[in-house]
């Protein structure tokens, strides 16, 4: 099934219900608060999709993704890989795509900072990814501060390669990232499965939300699954970084002027603790 966002009119009592999203009806901030996700169908324009796909191909085929993973595996090193995702022009543009950042700003209700960016291409037959969440701790131990993942599906979803399964409301119960990993991607009570989305769609999730990649049939000729995810954190505490070279990553984003002068906190180092390996 594919679940689309409710409209703001369903929650007139909520003064922050209306989210701005070009090309779609009003979205509901209450749905995000209650269920932990909203869907932005076709958020990414076709012109940007067309520039992102070749960059993802290069990232995977030239071994850049593998080198990025290796750089993160060396937990004591702060030397970045030869290329970071945000240095690729279309990836940098997606990271700071104005309609996306406006929705995130509405959800956060406060300034926010960029946390990390990942990019991958999943071929037919890609295995599932077990149930997990992606929230990192902050130094105040404050569960009310938001961390949000933007899951970008450049080619959409059509039920042939890796559907997205989520458990609405699961973000409200603290647990370890891998508490349900032993179940693989098996069906859980109350889950929602998103397997149909138009190209260029984005799913915004509370990073504490349980989710999984559900394997799909992958028939012959199935198109690759182009996937980019970016993470953003509400300011108000210092967050644990995702990568040991996080300072260089933020400095590069500032040098490239990715914030366009409109989001002054987006690449500020003061919102992070020192790097420590995730539990």
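Numbering (the working numbering), first residue to last: 576 to 854.
Glycine is no exception: its CB is placed at the ideal position from the N, C-alpha and C atoms.
- Restricting attention to 809, 769, 626, 763, the CA atom closest to the CA of residue 840 is found in 809.
- DSSP lists 776, 802 as the bridge partner or partners of residue 728.
- DSSP places residue 619 in the coil class of the three-state scheme, outside both helix and strand.
- Around the Cβ of residue 620, a 10 Å sphere holds fewer than 16 other Cβ atoms; the residue is exposed.
- Take the alpha-carbon of residue 824 and the one of residue 654: they are about 10 Å apart.
- When DSSP assignments are scanned along the stretch 669-721, the uninterrupted stretches of alpha helix (DSSP H) that are 4 or more residues long and fall wholly within it turn out to be 673-683.
- In this structure, DSSP gives residue 738 an extended state, which the three-state scheme calls strand.
- In the structure shown, residue 814 adopts extended strand secondary structure according to DSSP, grouped into three states.
- With contacts defined by Cβ atoms closer than 9 Å, residue 664 and residue 626 form a contacting pair.
- Ranked by Cα distance from residue 724, the first of 736, 760, 689, 798 is 689.
- Per DSSP, residue 789 is one residue of the beta strand (DSSP E) stretching across 786-789.
- Membership of residue 831 in the alpha helix (DSSP H) is indicated by the continuous run 821-831.
- Judged by DSSP in its simplified three-state form, residue 755 adopts coil rather than helix or strand.
- In its chain, beyond the 5 residues on either side, 647, 691, 824 have a beta carbon closer than 7 Å to the beta carbon of residue 818.
- Relative to the Cα of residue 792, the nearest Cα in the group 669, 805, 675, 698 belongs to 698.
- The residues 721, 723, 807, 809, in chain order, have a CB closer than 8 Å to that of residue 683 in the same chain once the five nearest residues on each side in sequence are set aside.
- Nearest to residue 848 by C-alpha distance, out of 798, 833, 831, 820, is 820.
- For residue 605, the enclosing alpha helix (DSSP H) stretches over residues 604-610.
- Contact annotation: residue 730 and residue 800 have beta-carbon atoms nearer than 9 Å.
- The C-beta distance from residue 660 to residue 693 rounds to 7 Å, short enough to meet the 8 Å contact threshold.
- Excluding five sequence positions before and after residue 700, the CB atoms of its chain that fall closer than 6 Å to its own CB belong to 793, given in chain order.
- Counting along the chain, residue 645 sits inside the alpha helix (DSSP H) bounded by residues 639-648.
- Each residue's CA atom was taken as its position, placing residue 831 and residue 662 some 8 Å apart.
- One Cα belongs to residue 667, the other to residue 833, and the distance between them is close to 7 Å.
- With a threshold of 16 other beta carbon atoms within 10 Å, residue 835 falls short and is exposed.
- Three or more beta-carbon pairs drawn from the stretch 770-788 and the stretch 726-742 are found closer than 8 Å, and the two stretches are therefore classed as touching.
- Spanning the alpha carbons of residue 743 and residue 822 requires a straight line of approximately 34 Å.
- Sequence-distant Cβ neighbours of residue 813 in its own chain, meaning closer than 7 Å and more than five residues away, are 713, 714, 846, 847, 848.
- Check the Cα spacing between residue 734 and each of 749, 776, 772: the tightest is with 772.
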